[in-house]
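All remarks here apply to the structure that follows.
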Amino acid sequence: MKRLKRWLRGPTAVLVLYAAVALNPSLLFAHELRVENLVLHSREPLPPEARTILQAAHDRVAKSPYFDANDSYDLYLCDTPALFTFFVPWARNVGAVSLYGVTGNIYVRPANVANDRLIGPHGKEVPGVRTLTYYFAHELTHTAMARKVGRFAYFQRPSWEVEGYADLIGKAGAFDFEAERARFRSGDDELDPAKSGLYLRYQVFVEALLREGVSLDELPNADLEQLERRLRQ
Ligand SMILES: [Zn+2]
């Protein structure tokens with residue numbers, strides 16, 4: 397008994413508590429909104445726009461054959477950067493994360509839900525096509541795809557494929573393939589993910605292969621060097 401008491405007071409107790417919360421995040425999120433088979437968890441009551449956004453994210457990801465209408469998907473909207481970092485400490489500078497290798501839960505940075513905008517790591521709303529709807533749909537695609545192909549197989553797939561495909565689904569057509577291909581050809585920095593933090597280059601690759609008739613299953617086996625040559629022609 398004494399040993400147990402000591403054990404419960406030490407660093408192990410902190411780890412056990414952390415694991416308990418990480419595996420049951422709903423303990424920290426009092427509110428939830430259900431739309432179709434998606435559940436959005438939050439600590440504060442959500443504005444009415446949340447339903448529209450969740451429905452739109454569902455409709456985007458439901459277009460992917462990887463999505464399972466009989467499965468359930470959980471998104472956790474963190475209302476402070478600290479809470480987001482608590483769940484995904486290795487990814488503090490990204491917008492949202494799918495824990496597709498473990499629970500498939502999705503953690504999202506603070507957002508201005510009424511505006512359909514994520515508040516980025518620098519404290520400003522992310523502009524452009526990357527709306528909150530986009531972030532939800534992008535991460536849902538990761539979770540759905542990993543569950544369908546198997547998480548270990550998914551880990552081995554190239555990042556250009558998984559990110560390019562998640563953006564294709566997440567942006568739902570808000571992508572001008574020929575314009576982006578032209579920017580790829582001219583060496584535009586935005587088409588360099590290392591410089592821009594964007595997946596435009598990867599989406600060009602995925603869309604080009606799909607246009608050539610490559611199936612989703614065959615995507616990860618594509619020869620990228622040859623593809624880049626074709627795209628530059
Ligand atoms: Zn992603």
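Going left to right, the sequence shown walks through residues 397 to 629 as this note's numbering numbers them.
Ideal placement from N, C-alpha and C gives every residue a C-beta, glycine not left out.
{"Query": "Option nearest residue 560 by Cα separation, candidates 454, 415, 439, 596", "Result": "596"}
{"Query": "Proximity test, residue 562 beta-carbon vs ligand 1 heavy atom, cut-off 7 Å", "Result": "yes"}
{"Query": "Segment contact flag, the region 522-539 with the region 572-592, C-beta cutoff 8 Å, min 3 pairs", "Result": "no"}
{"Query": "Option nearest residue 451 by Cα separation, candidates 529, 499, 552", "Result": "529"}
{"Query": "The alpha helix (DSSP H) enclosing residue 604, as first and last residue numbers", "Result": "596-607"}
{"Query": "Proximity below 8 Å, CB of residue 456 to CB of residue 549", "Result": "no"}
{"Query": "Residue 439 vs residue 424 beta-carbon contact at 8 Å", "Result": "yes"}
{"Query": "Check whether residue 553 and residue 616 have beta carbons under 8 Å apart", "Result": "yes"}
{"Query": "Any non-hydrogen atom of ligand 1 within 7 Å of residue 645 CB", "Result": "Missing from the structure shown is residue 645; the chain here goes from 397 to 629 and no further."}
{"Query": "Collapsed DSSP secondary structure at residue 511 in the structure displayed", "Result": "helix"}
{"Query": "Residue of 480, 446, 432, 444 minimising C-alpha distance to residue 458", "Result": "432"}
{"Query": "8 Å contact criterion, which residue 470 and residue 437 should meet: CB distance rounded", "Result": "7 Å"}
{"Query": "Boundaries (first-last residue) of the alpha helix (DSSP H) holding residue 446", "Result": "445-457"}
{"Query": "Own chain partners of residue 562 with C-beta closer than 7 Å, once the 5 adjacent residues on each side are dropped", "Result": "534, 537, 538"}
{"Query": "Local conformation of residue 492 per DSSP, three classes", "Result": "strand"}
{"Query": "Rounded separation between residue 510 and residue 625 - CA only", "Result": "44 Å"}
{"Query": "Buried versus exposed, by CB contacts within 10 Å (16 or more), residue 604", "Result": "buried"}
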